[in-house]
Each structure stands twice: as structure tokens, then as C-alpha cells.
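In my numbering, the protein residues as written are 277 to 598.
Here the structure comes first, spelled out in C-alpha cells, and everything after it is commentary.
Right, here's the structure in full:
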């Protein structure tokens, strides 16, 4: 390990007598502190305090004004927050109200469907709405009691299960029925409204008369010829002939008061329809056109001249009688 030896000081040179008169340099001067001039600073501050043209004078501002601005901003923020909360509450209420309306509608629909299903089940599969009363309306020539008896098979059947085809089969035995309407009246009533066929011609048979309607359907057999149903001639035996259709149409459309006086009908073709009145008068009717007008002319002639031998109303504008 080496040991550092102190550096040897250089030898001091001694000044000679000749050098004593030479001035020696003095020690370096210490730094001098420079202080600002207070008068200049004061002048500058005074210059800053002086108003500058074009700049607003802020000397009147108070240190409290920034605090007031902050308070106003906070107040506005609180108001905005309250307004936002009110809007949100309103939106929630509207949404909840809409949801309630939707739920109410769904509840009503579901309740209606369930109620209808229960009604169908109760009406179809239980005897609560079974047929107990049967009513027949519109029967004149037909016996309403017989018609109701034919429908007794439906007693005990739920109203909803009464089949129209079964009712039709039950009424087929009554040819006098032209049409019918079925009405179901809860809880226990079955109503059948019928429209009867009207006989227009009577055909003499052994022991009575066959009564036929304008379609040629045999309605019934009677021991006596009903009033208003004239006796058909032999030419009208064919119910599909034009003569039969013409005679049937005229009798069907004829006024009841005149029809009751007709006792016989004959025709060989559709244009020579002839009737016999109860007074013996022969009436040449012609074809099946203008039935109402011909009936008025015939009634007027009968009222005016009584009971002539024959009356021709085939041309109602120029009737002829003898």
C-alpha cells in the first residue's frame, strides 16, 4: 500500500530591492449587491394602475363576484338536475302506464277466449243447455202437434248439437212444408218456423182428391175439394207440361177473393188457360201474363153485368163477354 506524501510547497521567491517599488496587484474585489430602485418600481406599479384606453376598468370589481358566479352556476346545475329527474319520472310513469294498458288488454282478450271456451264446453258437452221445449210456428194446413211429435227425438240433446240435417230428415214426412227455419233459444228452446206449400189444383181420385202445389208436389189427400182449389181437367195430369205450369202460376197469383170462386181449370197449352166460376161462367184467361190486371177486369165485369155465359180477358184492354 502506497502512502501519499504531502505536496511540497514551492519555495517563496524573495523580492529584490529593485522590485520593491513595483506596485503589487490587490486582492479581487467582492461582488457588489445591486438593489432595485424603489422609485422606479413605484412608478411602474403606478403606470399599471393607470387606466388604459380601450380596456375596461376593473378597479370596481370585487373579490366576492367570482364566488357569486360559482353559486349561480351551482344553482343552475341543481335546477337542471331536478328537471332531468322530473323528466325521467314522467317517462317512467308513461312507460308504466303503457305497460298497464297492454297488460289490461291482454287480460281482457284472454278472459274473453277462456269465457267463450267455457261457454262452448258447457253448451255442447253438458245437459245444462239441452233441448226441453220444442215450438212449431207457421203451421196452417199441417198439424202442429204432429210436427212437434216428429221433433221430440231432439229432446235432451244440447242445443248446439242439434243438426239441421237431422231436422230435415224429421220433416221429410210432411210434404206440405215448403221451407223452414231453425232457431235455437238458450237455454232449452228449439223453435222451427215453417212455410207451407199452397195447393193450387185438386185431382179427383177414388174416395177423394189429391192436392198438388205449383211444383206438382202431392201435398195431401182430402175427402172433399177445398175452397179455392179448382178441379183440374184431364189435360193437366202431366205436372211437367207447360199447360200445368201456366194454370198453376195463374191460380197462385190470383187474388184470394177471386180464387175462391174458381171451381175448375183446364188448358191444352200455356196460351189457352180457361177457368170455370161457381156461377157457371167460363173465363178465357189466355196465358199467365198480366194476371193482376186480368183479375181486376174480370171482377169489374162480374160486378157490372152479373153472371154472363163467358168472359174473355185474354186481352184485358179489350175484354169480351157474352
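Cβ coordinates follow ideal geometry from the N, Cα and C atoms, glycine included.
Exercise. When the Cα atoms are used, what is the spatial distance from residue 348 to residue 368?
Worked result: 30 Å
Problem set entry | Buried versus exposed call for residue 370 [16 or more other C-beta atoms within 10 Å across all chains shown] | exposed
Problem set entry | Buried/exposed call for residue 557, threshold 16 Cβ in 10 Å | buried
For this session: Express the C-alpha separation of residue 350 and residue 308 in angstroms, rounding to a whole number.
Result: Any reading at residue 308 needs caution, since the residue's pLDDT is 49, under 50, leaving its predicted position unreliable; the model's value is listed next. If you take the alpha carbons of residue 308 and residue 350, they lie about 56 Å apart.
Exercise. Would you call the CB atoms of residue 520 and residue 529 closer than 8 Å?
Worked result: no
Exercise. Secondary structure at residue 434, three-state DSSP: helix, strand or coil?
Worked result: strand
Exercise. For residue 567, which three-state DSSP category applies?
Worked result: helix
Exercise. When DSSP labels each residue in this structure, what does residue 555 get in the three-state scheme?
Worked result: coil
For this session: Using the Cα positions of residue 344 and residue 357, report the straight-line distance between them to the nearest angstrom.
Result: 20 Å
Exercise. What is the rounded straight-line gap between the Cα of residue 393 and the Cα of residue 493?
Worked result: 45 Å
Problem set entry | Own chain residues within Cβ distance below 6 Å of residue 431, not counting five before or after | 407
Exercise. Along the chain, where does the beta strand (DSSP E) that runs through residue 582 open and close?
Worked result: First-last for residue 582: undefined, no H or E at that position.
Exercise. For residue 483, which three-state DSSP category applies?
Worked result: coil
Exercise. Between residue 471 and the rest of its own chain, which residues show a CB-CB distance below 8 Å, the 5 nearest in sequence each way excluded?
Worked result: 414, 453, 454, 455, 456
For this session: Mark residue 473 as exposed unless 16 or more other C-beta atoms lie within 10 angstroms of its C-beta, in which case mark it buried.
Result: buried
Exercise. Between which two residues does the beta strand (DSSP E) harbouring residue 599 extend?
Worked result: Residue 599 is absent from the model: the chain starts at 277 and stops at 598.
Exercise. At which residue ranges does the region 369–414 contain complete beta strand (DSSP E) runs of 3 or more residues, listed in the order of the chain?
Worked result: 409–413
Problem set entry | Check whether residue 468 and residue 458 have beta carbons under 8 Å apart | yes
Exercise. Looking only at its own chain, which residues have a Cβ that is under 8 Å from the Cβ of residue 418, when we skip the five neighbours before and after it?
Worked result: 450, 452, 453, 470, 472
For this session: Using alpha carbons as the reference points, say which of 531, 545, 583, 581 lies closest to residue 566.
Result: 531
For this session: Please state if the CB of residue 551 and the CB of residue 541 are separated by a distance shorter than 8 Å.
Result: yes
Problem set entry | Cβ-Cβ distance between residue 570 and residue 596 below 8 Å | no
For this session: Would you decide whether residue 512 is buried or exposed? Buried here means 16 or more other CB atoms lie within 10 Å of its CB.
Result: buried
Problem set entry | Inter-residue Cα distance where the pair is residue 593 and residue 584 | 19 Å
Exercise. At what residues does the alpha helix (DSSP H) containing residue 422 begin and finish?
Worked result: 420–426
For this session: Might you give, ordered along the chain, the residues of its own chain that have their beta carbon closer than 8 Å to the beta carbon of residue 561, omitting 5 neighbours on each side?
Result: 526, 549, 550, 551, 570, 589, 590
Problem set entry | Supposed contact pair residue 554 and residue 535 - C-beta distance, whole angstroms, cut 8 Å | Contact flag wrong, Cβ pair sits at about 11 Å.
Exercise. What are the uninterrupted segments assigned as beta strand (DSSP E) that are 3 or more residues long and contained completely in the region 493–542, given in chain order?
Worked result: 494–498, 538–542
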